[in-house]
Every structure is written in C-alpha cells, then in structure tokens.
Amino acid sequence: MFHVLLAAATLYATGLTFTAPDGWRKVETTSSMRVAQFALPHADGDAYDAELVVYYFGGQGGSVDANIDRWIAQMQQPDGRASGAVAKRSTRKVGGLDVTLLDLTGTYVAEMAPGAAEHHNNPNYRLRAGVILTARGPYYVKLTGPQRTVSKWETSFERFIDSFKYEP
C-alpha cells in the first residue's frame, strides 16, 4: 500500500520525501515494507555494490535505541571488542525531523533474511543506518556494503539524509 514515485530524483514515500543522489541506482523493492531501495556502485577494488534501503513499518518497528542496538549487533569487530564500544551515534534535525544516525565498521553478520538461520559473513563492511521520526511514525534507513564503497558515497549519503522532508 505504499506509493513511491520517482520524479526529478525526488521520492515520495507515504509522507516522507527525499532526493536520491546522482549515481545511485534505484532498485525494485523486495517487500512492501521497503519504500525505496538503491544500489550504490562499488568503489575500485571492491567486488560488490553497497545497498541502501528505506523502510516503513506502518508506524511500528521499535524505538530508536532498540534499532540502534539491533544494528550494532549486526556487526562484529575483528579484534573482539564490543561493536557498541566503537559505534558512532549522532543526532540532528533535518527538515524539522529528529534523525538519529549510526556509523559502524567491522564484519557484517546480520541474518540473510528476518528469522533466517543463515547469516552474512562480510568482513571490512560498513553500516550507516538511521531512524527518522515523523508524525506517522519512524522511517528507517540502512546502508551496508564494503567499507571502501560506503566511504566513496559518504557525501552523497549525508546529502540524502539532509534531503528528508515530511509532508503529511
């Protein structure tokens, strides 16, 4: 029941609008909870593109802290430290919306699909994620990919976050 329209690179997703940066490739979403999905082309030397997904769970989906903690648990540190000890968390206002962001590198070990027994095992990955609070409930953004590739798109990711607006 979500409508995502692409018009001049601006997307409208049930009240949240944002602008996809140049160079990002729009990908067909794989579930109704994914309101937008993009491939960020890989950096030289990386074999894989990064993936960015915008999620909306109908106003549900857990608290900011619960999601940050879940994302932190999806990364392991090669030196055995707790990922929470090295995670970078920040908050800011964007278009009047409260946005909480996470930045973390390590080995990506998330489930292959929700509830799946199989897990990723991707070393040298970077996860950038965020919760955007709106009047209709939270939206979630998750960017994962090889560390070099995610870093290549750092400025574009920040512009993407800064483009959020809520229009009920």
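Under the numbering used here, the first residue of the sequence shown is numbered 28, with each subsequent residue one higher.
Even for Gly, the Cβ is constructed at its ideal location relative to N, Cα and C.
Counting along the chain, V80 sits inside no alpha helix (DSSP H); it lies in the beta strand (DSSP E) bounded by residues A77 to Y83. Under the Cβ criterion (8 Å, minimum of three pairs), the stretch 178-188 does not count as touching the stretch 86-100. Under the criterion of beta carbons closer than 8 Å, S110 and G133 qualify as touching, at roughly 6 Å.
Between G42 and P195, the C-beta gap is smaller than 8 Å, which places the two residues in contact. Around the Cβ of N94, a 10 Å sphere holds 16 or more other Cβ atoms; the residue is buried. Contact between the stretch 98-110 and the stretch 131-147 is present: 3 or more CB-CB pairs across the two stretches fall below 8 Å. Cβ-Cβ distances below 8 Å link K53 to L33, A47, A63, Q64 and F65 in the same chain, with the five nearest sequence neighbours on each side left out; the list follows chain order. If you look at D92, you'll find it in the alpha helix (DSSP H) that goes V91 to A100.
Collapsing the DSSP output to three states places V158 in a strand. Taking 8 Å as the upper bound for CB-CB distance, Y193 and Y82 are not in contact here, some 16 Å apart. Under the DSSP assignment, F184 falls outside any beta strand (DSSP E), being part of the alpha helix (DSSP H) whose first and last residues are E181 to D189. For G111, the enclosing alpha helix (DSSP H) begins and ends at S110 to V113.
With a beta-carbon spacing of about 5 Å, V121 and F191 fall inside the 8 Å limit used to define contacts. Between G157 and L128, the gap from beta carbon to beta carbon is short of 8 Å. Here DSSP, grouped into helix, strand and coil, assigns R175 to helix. A distance below 6 Å between beta-carbons, with the five flanking residues on each side excluded, links R119 to the following residues of its chain, in chain order: V126.
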